[in-house]
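For reference, the structure discussed in these notes is given below.
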Amino acid sequence: MMFNLLYTLEDLAAAEVKLKYWDDAFANDKSNNPNKYEAQRRDARREVRQISRELKRIGLLEKTEEEKLH
């Protein structure tokens with residue numbers, strides 16, 4: 053069964069804030085663990101991509117020139 057998720061521009065903004073939070077946490081981390089926060093950052097990037105892709109598909113977000121060609 054496939055669900056049609058309806059995202060908003062606010063959802064995208066919230067996902068981008070979450071991604072920035074984890075990227076900042078990684079950048080400001082003083083431990084010697086290069087993988088710290090990697091799962092959180094990966095999940096946040098995936099969420100931004102997923103929401104962006106859906107918003108572009110339904111026309112709420114403009115596609116890049118490259119995306120328009122495909």
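Quick note: the sequence shown uses the working numbering, first residue 53, plus one each step. Heads up, the beta-carbon is just placed ideally off N, CA and C, and yes, glycines get one too. As the structure is a prediction and not an experimental result, all values here were calculated from the model.
Can you grab the Cα-Cα spacing for the pair residue i / residue j, in whole Å?
i: Arg101; j: Lys72; result: 14 angstroms
i: Thr116; j: Ile110; result: 14 angstroms
i: Glu119; j: Arg98; result: 18 angstroms
i: Lys108; j: Glu114; result: 6 angstroms
i: Ala125; j: Glu106; result: Since the first and last residues shown for the chain are 53 and 122, residue 125 lies out of range.
Among the residues of its own chain, which have a CB less than 7 angstroms from the CB of residue i, if the five just before and after it don't count?
i: Trp74; result: Tyr89, Gln92, Arg93, Ala96
i: Asp63; result: Ile103
What span of residues does the alpha helix (DSSP H) with residue i cover, start to end?
i: Asn80; result: 61-80
i: Glu117; result: 117-121
i: Glu99; result: 90-109
So, under 8 angstroms CB-CB, residue i and residue j are touching, yes? Tell me the CB distance rounded to an integer number of Å.
i: Leu61; j: Leu121; result: That pair is no contact at about 24 angstroms.
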